[in-house]
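> Pasting a structure here, questions to come.
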Amino acid sequence: SPTFYLPLFYKITFCSGRCTAALLLVLSAVPIAYLISLERAVPSTHVIYYHSSGFLRECAKWDDVGRRFLVSFMDGGGIGEVVIRDSDSDDSEVLEEVILIKDVDIAGNASAGIVIDRDRNRLLVAIGDMVGNKYSALAAYDLSTWHRIFLTELSGHSKEISFADDVAFDA
Ligand SMILES: *[C@@H]1O[C@H](CO)[C@@H](O)[C@H](O)[C@H]1NC(C)=O
């Protein structure tokens, strides 16, 4: 609310270097402490943990045929799978993410929203330049071979900013 932010701004302008850093540290400690408490709490729902090669997965979709989650890589782009084990296995077990797609020709762009198009046996992926917003595309991959079926650029070559974040399809 403005009553909170206005005094804060005022304070920062009269407070330089070490003082601002200390202020930001104190302010960020509250949300970080909250996140840590959430991470440590026993969840009320069933949670699947997995080791990942990156730090940010943008989208996850359940593939009921493959009994796995497909996940998209925001950092650097690509697609991975997390295969679920039998239901009688230990709940606290940490699964492993396996990389399925890492396209070098669009490296540096994020893979954002994904959707499984079961009837056409393909995965559709929204691709975009997360930092510069200079490139957007839609890619499709064969769900059996992971060969890329197409890559269609959406951004054109104008200077307009562009970031494809999600994808949907109809029949
Ligand atoms: C995204 O991919 C395009 C097409 O290959 C490439 O020209 C561009 O440099 C990539 N963007 C980034 C941020 O790497």
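Just remember that this note's numbering sits 831 ahead of the position in the sequence shown, which is counted from 1. Glycine residues also receive a C-beta, built at the ideal position from the N, C-alpha and C atoms. What you are looking at is a predicted structure, and each value in this text was computed from that prediction instead of being measured.
(1) Label R888 either buried or exposed according to how many other C-beta atoms from any shown protein chain fall within 10 Å of its C-beta, with 16 as the threshold for buried.
(2) For the putative contact between I910 and L982, defined by C-beta atoms under 8 Å, what is the C-beta separation to the nearest angstrom?
(3) Looking at C-beta atoms only, is the number of pairs between the stretch 936-952 and the stretch 874-894 that lie closer than 8 Å three or more?
(4) Which residues does DSSP list as the beta-bridge partners of H882?
(5) Taking C-alpha atoms, which residue in L866, L931, N964 lies nearest to G987?
(6) In angstroms, rounded to a whole number, what distance separates the CA positions of R898 and I945?
(7) Compute the Euclidean distance between the alpha carbons of P862 and A872, then round it to the nearest angstrom.
(8) From the DSSP output, in three-state form, read off A957 for me.
(9) To the nearest angstrom, how far is it from the Cα of I867 to the Cα of A860?
(10) Pull up the distance between the alpha-carbon of Y880 and that of M905, whole angstroms please.
(11) What residues in its chain sit with their C-beta under 7 Å from that of I980, if we drop five residues either side in the sequence?
(12) Between the C-alpha atoms of A995 and E927, what's the straight-line distance to the nearest angstrom?
Considering the structure as presented:
(1) Residue mapping note: residue 888 aligns to position 57 of the sequence shown, counting from 1. The C-beta of R888 has 16 or more other C-beta atoms within 10 Å across all chains shown, which makes the residue buried.
(2) Indexing the sequence shown from 1 puts residue 910 at position 79. Indexing the sequence shown from 1 puts residue 982 at position 151. Actually they are not in contact, since the Cβ atoms of I910 and L982 sit about 13 Å apart, beyond 8 Å.
(3) Judged by Cβ distances under 8 Å, the stretch 936-952 makes contact with the stretch 874-894, as three or more pairs qualify.
(4) Indexing the sequence shown from 1 puts residue 882 at position 51. For H882, which the question treats as bridged, DSSP gives the partners E927.
(5) Position 156 of the sequence shown holds residue 987. It is N964.
(6) Stepping through the sequence shown from its first residue, residue 898 is reached at position 67. Stepping through the sequence shown from its first residue, residue 945 is reached at position 114. Those two C-alpha atoms are separated by around 17 Å.
(7) The residue given as residue 862 occupies position 31 in the sequence shown. The residue given as residue 872 occupies position 41 in the sequence shown. The alpha-carbon atoms of P862 and A872 are separated by roughly 15 Å.
(8) Translated into the one-based positions of the sequence shown, residue 957 becomes position 126. It is a strand residue.
(9) Position 36 of the sequence shown, counting from 1, holds the residue named residue 867. Position 29 of the sequence shown, counting from 1, holds the residue named residue 860. Rounded to whole angstroms, I867 to A860 spans 10 Å at the Cα level.
(10) As a working mapping, residue 880 is identified with position 49 in the sequence shown. As a working mapping, residue 905 is identified with position 74 in the sequence shown. Each residue's alpha carbon lies about 18 Å from the other.
(11) Position 149 of the sequence shown holds residue 980. The answer, listed in chain order, is R953, A971, Y972, D973.
(12) In the sequence shown, residue 995 corresponds to position 164, counting from 1. In the sequence shown, residue 927 corresponds to position 96, counting from 1. Here the C-alpha atom of A995 lies approximately 28 Å from the C-alpha atom of E927.
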